[in-house]
Amino acid sequence: MYQSGRALAELSAEVGNKLAIQAGFSPTRKIYQDLSWQANDPLVHYTLGDLLDPFNPPGDPNRTNAIRFAIPPEIALTNSNLGILNERYRPWGGNPNQSVDRIARDLRFKDPLITRSDDWQFPTNKFPNVGWIGRVHRGTPWQTVYLKADIAPTNDWFRWAGSYGTHPTNDWNIVECFTTALNDNAARGLLGVNQTNLAAWSAVLNGLMIAIPTNDVGGLQSILIGPHPPPPIATNLVPDIVAGINRTRTMESLLDPTGHGLPLFHRMGRILATPELTFGTINVPSQSPGLYHRWIQYMPRDEVLECIPQHILSLIKEDEPRFVVYAFGQALRKAPNSLYLGSGTFNRLCTNYQVTAEFVSKSVIRIEGTPLAPRAVVESYNELVPE
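Positions in the sequence shown are counted from 1; adding 38 to them yields the numbering used here.
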């Protein structure tokens, strides 16, 4: 209690017009906040989603913005993971500090043999063809543009990349956006992806130089695809590849939810769903010569796996709706003695004609645009002469 007027005056001068003052006892609590942003691939760090595991619970110390209490108050704070290898760092082979990683060597999520950033061999000059787009980093951890057939489970992919929309097979849709043809005329010789004949595909596949495994422990052999492959290749690869393309095309009808789908590739990139183009054949067992198998022990580099798509994407095209119109015309005249001269309503009716001239034309018409706004383009028009 302040008894004297002097003490009261000093207190009044100290407080003045203040709205808040320090109480005699102020209870406090010590809290701290973790801001842990960890990159998986050092080349992918542009958004918060690239630096955060979306499946970590809110209280996980490695989750961004996790707030924790220091109990007891005198607890010593640490530098967390600063200065050590990120827990999310998981190139090919996995994190060396983690013993369990079921996708450590899964080519659906990351490129084979890329164990650090210096292992990339990105193209630095102009691309020789469309297929070289497969050597461009796609913006998800440890992966270039995906030209392979196997499909990563969507939930596992979300945990890996933090987004469903960046699923690797979405890359199949971008290959048709690029071409090496300088104009429309230069693209006339390209093969449509819905071609079913072995002879047509042989023109595209024969003569390609590829590397194939001779065993499951990393042995490779370079060969030219052709009708008579050298040993130890026991079968011609071209029929196997064409059979795989036709099988995959047939399965496209199952993608229509109405059940009325057509066995067609509606987009050029859908042909990349064919396993035989990258890493496997249906009927080649695991230790036999042939194309790559999904889970061989020593996987080659990605550009070796995608060798066939790399070579042929500039030689094929998406089929366009087109049809051929044959037009027939004739010039006629009354034949002799062809008039009916009897009585009745048919008097002077012509009962026979003679052909005096004939005309035949052939037109090839292509349909462009969407189904709601189609546009017919006449590709060619020819008048056919008698042979």
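Positions of the beta carbon are idealized from the N, C-alpha and C atoms, including for glycine.
query, result
"Considering only DSSP beta bridges, list what S260 is partnered with.", "A249"
"Count the other CB atoms within 10 Å of the CB of P424; is the residue buried (16 or more) or exposed (fewer)?", "exposed"
"As a quick exercise: from T182, P374, D156 and E356, pick the residue whose alpha carbon is nearest that of F303.", "E356"
"With a CB to CB cut of under 6 Å and the five nearest residues on each side skipped, what residues in its chain are close to R146?", "D188 and A190"
"If Q368 and E344 are in contact, beta carbons under 8 Å, what's the gap, nearest whole angstrom?", "Not confirmed; about 57 Å, so no contact."
"Is the beta carbon of R360 less than 8 Å from the beta carbon of R413?", "no"
"Go to T288, then tell me how far its alpha helix (DSSP H) extends in each direction, as first and last residue.", "L275 to M289"
"Just the Cα atoms here: how many angstroms apart are R44 and R67?", "37 Å"
"Which whole-angstrom value is the C-beta distance of T288 and T312, which I expect to be below 8 Å?", "That pair is no contact at about 11 Å."
"Can you have a look at Y184 and say buried or exposed, based on whether 16 or more other CB atoms are within 10 angstroms of its CB?", "buried"
"Can you give me the Cβ contacts of D88 inside the same chain, cut-off strictly under 6 Å, excluding the 5 residues immediately before and after it?", "V82"
"For L377, which residues in the same chain have their Cβ closer than 8 Å to its Cβ, ignoring the five residues on either side in sequence?", "R386, L387, C388 and T389"
"Would you report the Cα separation of Y84 and T178, rounded to the nearest angstrom?", "11 Å"
"Does the Cβ of K56 have 16 or more other Cβ atoms within 10 Å, making it buried, or fewer, making it exposed?", "exposed"
"What residues in its chain sit with their C-beta under 6 Å from that of W195, if we drop five residues either side in the sequence?", "H205"
"Considering only residues of the same chain and omitting the five flanking positions on each side of M247, which have a CB-CB separation below 7 Å?", "S260 and L262"
"Do the CB positions of T217 and V174 come within less than 8 Å of each other?", "no"
"Starting from T192, trace the alpha helix (DSSP H) in both directions and tell me its first and last residue.", "T192 to A199"
"If I'm right that N133 touches Y127 with Cβ under 8 Å, what's the distance once you round it to whole angstroms?", "6 Å"
"Restricting to runs no shorter than 3 residues, where is the beta strand (DSSP E) found entirely within the segment 108-184?", "none"
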